[in-house]
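Below: one structure, written as structure tokens.
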Amino acid sequence: MVESYQAMLPGAKHDKVPKIIVNVAKQINDTSYKYGRNLTIGDFITEIVKEHTKEAKNMLPIIITAKDVNMEGVCTKTCAYNGIVGNITPYIIIGNPELECPRKCEWPFIQIDSGPKSIFFLQPPNMDKAADAMVIALATTLADTVTNPLNTGFYDGPPKNSIGVGTACKAIFGSGAFPGNPGKVHIDAHTGGSFNAHGIKDQKFLLPAIWNPKTSSCWTLM
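My numbering puts the last residue of the sequence shown at 427; the count rises by one with no breaks.
Here it is as structure tokens:
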């Protein structure tokens, strides 16, 4: 579905939509907390991105925070964030909700009370609410970033407060979804975990819906 957006670019040939090839260039684990445990987007994120990408082209840095790291804007405003450094390098930040905001950023793997009824919730596919919720946040933000890396691509609303192709379908994971219910998904018979996608070595994941511009609706794997 993400690849299909290329067919809508000016001059694109609809019968030749290229595959999106993703390679992991490098991984860095900062166990020394070089930039501290309280990070701000304006200062620290710019330094981190420039240090590790050297402003290389076609590289998308993804910053995944530890559970004891506070990231400006993450949890208070959103569970993940994407931005641009120097108008040339897009980046993604994924917050770990385990300690900071489990009630907000671990849905649909946590029960939320709403008046006399409780909103429907699921069991995480890998039995780790925080990690499985971060997969959802990454998938959503990655779709938003790839289709609109420099705020000149596909989005709805004003540029400074835009809605991306993944964000537009928040909290939808399968057909038949409605507010408070994530929709139809598979249930692992052994663990009870909910999933709709298979990964490497048959790992199971729950991936969110994405906006389908052809049908003007949210497209799901199920």
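The beta-carbon is built from N, C-alpha and C at its ideal position, and this holds for glycine as well.
Practice problem: Specify whether the segment 372 to 379 and the segment 388 to 395 touch according to this definition: at least 3 beta carbon pairs, one from each stretch, less than 8 Å apart. | Solution: yes
Quiz item: In chain order, what residues of the same chain have a beta carbon less than 6 Å from the beta carbon of Tyr240, not counting five sequence neighbours either side?
Solution: Phe249
Practice problem: With Pro302 as the anchor, note down where its alpha helix (DSSP H) starts and where it stops. | Solution: 302 to 305
Quiz item: What is the DSSP secondary structure of Ala338, reduced to helix, strand or coil?
Solution: helix
Quiz prompt | Three-state class that DSSP yields for Pro364 in the structure shown | solution = helix
Self-check item: Cβ-Cβ separation, Ala338 to Glu305 (assumed contact under 8 Å), whole Å
Solution: Not confirmed; about 12 Å, so no contact.
Quiz prompt | Cβ-Cβ distance between Leu411 and Ser399 below 7 Å | solution = yes
Quiz item: In the DSSP assignment, what are the bridge partners of Trp424?
Solution: Ile415
Quiz item: On the three-state DSSP scale, how would you describe Leu332?
Solution: What sits at residue 332 in the sequence shown is Met, not Leu. Met332 falls in the coil class under three-state DSSP.
Self-check item: CB-CB length for Pro266 against Tyr296, believed under 8 Å
Solution: 5 Å
Quiz item: Under the three-state reduction of DSSP, which class applies to Ile246: helix, strand or coil?
Solution: helix
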